[in-house]
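A.B. asks: Protein chains in written order, with my numbering: chain F, 1 to 325; chain S, 1001 to 1325. Please find one structure pasted underneath; my questions will follow.
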């Protein structure tokens, strides 16, 4: 079922739409990581992507697909002060659409400035998760703007899946991919693309402690209680407790049941490894994935997983407030 | 004269020797930098090079050339607790030579560990610049080890020149290159290679305030007073006041007389730009070059310099003690 909503053909179409605007990000290796893990490690550097995260792939695909279907759409709106907000703002500047981004009034000024820098209009809202939806819906209704959700949207998932298309072109003999999960847009897109290209590849999720994905995947059920909560983690890119209604069934079907759960200290160690050894600035959500591949849990995994990739999903952190200071 | 000591042929030979061991480092662009400068900016990421700096190019070329001439050499020795020390230690592990690195006893443990990690033997010395030479000479005499100097050596200069070979292959239509100068190995190698390939290209030096390269270049004279001093700068990679006896004449002949002089605050701004906007960890010596291209001085330069490259010479900093904290 899920594979009909988004499939490899849609992901390839997405790549045709977006590839001339987004970076084909490099894949780095690290002899230090290879030595520590006893495997060959590959790091897909989406932190070097436009706007500093993979999010532009899904946002741009959704917006260009929208433009194909309806060239006269009056604009788009989304709510996010984080990577998705910047990505939508950037993508609309590419597509030539007006754009509103709803952000909580307490959002850091630097993030508001970045969103405005791409030409988007800011709409402030209160601090409750539900406030955002109210303001977003209001703008959509009043201005006729189309809402671009952060993950639960087939064109967004297809866009994020292009990370795996590229990665498997760059490193065809991969045995596994480790990817951080929040709403599940990136991980489900990657799972669909990678499994279609290479059915035996294994996709492992990486999460902040407290998300309990492993239990939900094993039981094939959403065991979270509503209303949706934020996790208590330094990784603001992956602090959603619950994946989406579209993405969770895809994950249940395609990814490994075994999940890497990381705490703040471990994420910081992952970030520091990337900074110090690889000279790459990554955010905590990506630090989690690095920590996962360097973890004891990984050491105990099937030794036939020889070539393992980690998605460095983003690099948007405030360098004046690094979490280890 | 200088162009006979090292020429483009020697630099191409160096590239043939080292290219299968070192990274062909990527060249990054930044739309933020382009907007700020009104030019197209290119960033050659030698911070992503093996051991975290360009220094491996010169060290490996010198050591492999030595091995060609004398396969039975008993080992090599150098003195440096910094990037050159790590580079020589790494290069000897590639070449299969024993290696001693002389470091001052006060050098940070992390640097000593890195050097030992490449299999080199550490020899500690006192804190005066002259102490290092004494210990280095002693080891050379006692063990028959060949001294690999950090910059004043034709094979080292030729190795560093391969940065420009690669860069002009990656970005053929460059108009200028900005490069930080300390002993002058990198800058003289780049000047020889770039000017041979593209005689009209302009090479600009970047220095910490107080080095007074511009005056010396304009007068064509070494105006520094002996003994050699260290500059008071956060950029430990470029704190030598005086360039070398071999490199200075090359620079006098080939680089622009106009020099970019940066203070600590400006270097920090350059570092922060790379961290925040480009997601790259760079050391202060590279931050100086980034600050130079973003400077008011650059803004006033000839507008026909449309495509300008900056060498990100290294990324070896202690991330627990970043200079803006």
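The C-beta atom is built at its ideal place from N, Cα and C for all residues, glycine as well.
(1) Could you confirm whether any beta carbon from chain S is found closer than 7 angstroms to the beta carbon of residue 26 of chain F?
(2) Let me make sure I understand the geometry here. Which of S/1005, S/1320, S/1252 and S/1262 has the alpha-carbon closest to that of residue 1298 of chain S?
(3) Within the same chain, show all residues whose beta-carbon is closer than 6 angstroms to that of residue 1055 of chain S, passing over the 5 residues directly before and after it, in chain order.
(4) Which residues does DSSP pair with residue 78 of chain F in a beta bridge?
(5) Rounded to a whole number of angstroms, what is the C-alpha to C-alpha distance between residue 1205 of chain S and residue 290 of chain F?
(6) Residue 309 of chain F by DSSP, collapsed to three states: which one?
(7) Closest by CA to residue 1099 of chain S, which one among S/1191, S/1106 and S/1139?
(8) I believe residue 1217 of chain S touches residue 1247 of chain S by the beta-carbon criterion, under 8 angstroms. Please report the beta-carbon distance rounded to the nearest angstrom.
(9) Chain F partners of residue 1007 of chain S, CB-CB under 9 angstroms?
(10) The ligand MG heavy atoms versus the CB of residue 1022 of chain S: any closer than 6 angstroms?
(11) Which residues share a DSSP beta bridge with residue 216 of chain F?
(12) Which value, in whole angstroms, describes the spacing of the CA atoms of residue 1029 of chain S and residue 1295 of chain S?
(13) For residue 1281 of chain S, would you say it is in contact with chain F, using Cβ-to-Cβ distances shorter than 7 angstroms as the test?
(14) Roughly how many whole angstroms lie between the Cα atoms of residue 81 of chain F and residue 1076 of chain S?
(15) Given a limit of 7 angstroms on CB to CB distance, which residues of the stretch 1044 to 1070 of chain S reach chain F?
(16) For residue 172 of chain F, count the other beta carbons within 10 Å of its own beta carbon; 16 or more makes it buried, fewer makes it exposed. Which is it?
(17) Give every residue of the same chain whose Cβ lies closer than 6 angstroms to the Cβ of residue 1307 of chain S, excluding the five residues on either side of it in the sequence, and list them in chain order.
(18) Go ahead and label residue 1106 of chain S buried or exposed: buried means 16 or more other beta carbons lie within 10 angstroms of its beta carbon, across all protein chains shown.
(19) Please compile the residues from chain S whose C-beta is within a distance smaller than 9 angstroms of the C-beta of residue 325 of chain F.
(20) Taking DSSP as the reference, what is the three-state secondary structure of residue 40 of chain F?
(21) From the DSSP secondary-structure annotation, give me the bridge partner or partners of residue 240 of chain F.
(22) Flag residue 1038 of chain S as yes if its beta-carbon sits less than 7 angstroms from any beta-carbon of chain F, otherwise no.
(23) For residue 180 of chain F, collect the residues of the same chain with a Cβ closer than 6 angstroms to its Cβ; drop the 5 residues on either side in sequence, then sort them by chain order.
(24) In chain order, what residues of the same chain have a beta carbon less than 7 angstroms from the beta carbon of residue 326 of chain F, not counting five sequence neighbours either side?
(25) Can the beta-carbon of residue 1189 of chain S be found closer than 7 angstroms to that of residue 1157 of chain S?
(26) Please go through the stretch 1139 to 1223 of chain S and give each complete alpha helix (DSSP H) segment of 4 or more residues, from N-terminal end onward.
(27) Within 7 angstroms of any Cβ in chain S, is that where the Cβ of residue 82 of chain F sits?
(28) Can you tell me the Cα-Cα spacing of residue 42 of chain F and residue 194 of chain F, whole angstroms?
(29) Among residues of its own chain, excluding the 5 on either side of residue 1079 of chain S, which ones have a beta-carbon nearer than 6 angstroms to its beta-carbon?
(30) Check whether chain S comes within 7 angstroms of residue 2 of chain F, counting only Cβ atoms and requiring the distance to be less than that.
(31) Using a Cβ-Cβ distance under 7 angstroms, would residue 1275 of chain S count as near chain F?
(32) Inspect the beta-carbon positions of residue 1022 of chain S and residue 1192 of chain S and report whether they are closer than 7 angstroms.
(33) For a cutoff of 7 angstroms on Cβ pairs, would you count residue 1315 of chain S as touching chain F?
(34) What's the call for residue 183 of chain F, buried or exposed, on a 16-neighbour Cβ count within 10 Å?
(35) Assuming residue 45 of chain F and residue 27 of chain F are in contact, meaning their beta carbons sit under 8 angstroms apart, how far apart are those beta carbons, in whole angstroms?
(36) Please go through the same chain and pick out, in chain order, the residues whose beta-carbon is closer than 6 angstroms to the beta-carbon of residue 321 of chain F, but skip the five residues on each side of it.
C.D. replies: According to the structure data:
(1) It does: the Cβ of residue 26 of chain F has a partner Cβ on chain S nearer than 7 angstroms.
(2) The closest CA to that of residue 1298 of chain S, considering only S/1005, S/1320, S/1252 and S/1262, is found on S/1262.
(3) Hits under 6 angstroms: 1083, 1084 and 1087.
(4) Answer is F/101.
(5) Residue 290 of chain F has its alpha-carbon roughly 37 angstroms from the corresponding atom of residue 1205 of chain S.
(6) Strand at residue 309 of chain F.
(7) Out of S/1191, S/1106 and S/1139, S/1139 has the C-alpha closest to the C-alpha of residue 1099 of chain S.
(8) Contact between residue 1217 of chain S and residue 1247 of chain S is ruled out by a C-beta separation of about 12 angstroms, above the 8 angstroms threshold.
(9) Under the 9 angstroms cutoff, chain F gives no residues; its nearest Cβ is about 32 angstroms from residue 1007 of chain S.
(10) You won't find the ligand MG in this model; it holds no ligand whatsoever.
(11) Partner(s): none; residue 216 of chain F has no beta bridge.
(12) Taken atom to atom, the span from the alpha-carbon of residue 1029 of chain S to that of residue 1295 of chain S is near 17 angstroms.
(13) Closer than 7 angstroms: yes.
(14) For residue 81 of chain F and residue 1076 of chain S, the distance between alpha carbons rounds to 55 angstroms.
(15) Closer than 7 angstroms at the C-beta level to chain F, one finds these residues of the stretch 1044 to 1070 of chain S: 1047, 1048 and 1052.
(16) The residue in question, residue 172 of chain F, is exposed, as its Cβ has fewer than 16 Cβ neighbours within 10 Å.
(17) Here the set comprises 1040, 1173, 1174 and 1175.
(18) Exposed, since its Cβ has fewer than 16 Cβ neighbours within 10 Å.
(19) Here the neighbours are 1320, 1322 and 1325.
(20) When secondary structure is reduced to three states using DSSP, residue 40 of chain F falls in the strand class.
(21) Answer is F/230, bridged to residue 240 of chain F.
(22) No, its Cβ sits nowhere closer than 7 angstroms to a Cβ of chain F.
(23) Excluding residues up to 5 positions away in sequence, 206, 238, 285, 288, 289 and 313 lie with their Cβ nearer than 6 angstroms to the Cβ of residue 180 of chain F in the same chain.
(24) As shown, chain F starts at 1 and ends at 325. That puts residue 326 of chain F outside it, with no answer to give.
(25) For residue 1189 of chain S and residue 1157 of chain S, yes; Cβs fall inside 7 angstroms.
(26) Counting whole runs of 4 or more residues, the stretch 1139 to 1223 of chain S contains the alpha helix (DSSP H) stretches 1154 to 1170, 1185 to 1197 and 1213 to 1219.
(27) Residue-level contact check: residue 82 of chain F does not touch chain S, since none of the beta carbons of chain S fall below 7 angstroms from its beta carbon.
(28) Near 15 angstroms, if we compare the C-alpha coordinates of residue 194 of chain F and residue 42 of chain F.
(29) Within its own chain, the residues whose Cβ lies closer than 6 angstroms to the Cβ of residue 1079 of chain S, once the five positions on either side in sequence are excluded, are 1102, 1132 and 1136, listed in chain order.
(30) Because the pLDDT of residue 2 of chain F is 43, which lies under 50, any placement of that residue in the model is unreliable, and the question is left without a value.
(31) It does: the Cβ of residue 1275 of chain S has a partner Cβ on chain F nearer than 7 angstroms.
(32) Result no, Cβ atoms of residue 1022 of chain S and residue 1192 of chain S do not sit closer than 7 angstroms.
(33) Residue-level contact by beta carbon holds for residue 1315 of chain S and chain F, with a gap shorter than 7 angstroms.
(34) Burial call: buried.
(35) The C-beta separation of residue 45 of chain F from residue 27 of chain F comes to about 7 angstroms, placing the pair in contact by the 8 angstroms criterion.
(36) If you ignore the 5 residues before and after residue 321 of chain F, its C-beta comes within less than 6 angstroms of no other C-beta in its own chain.
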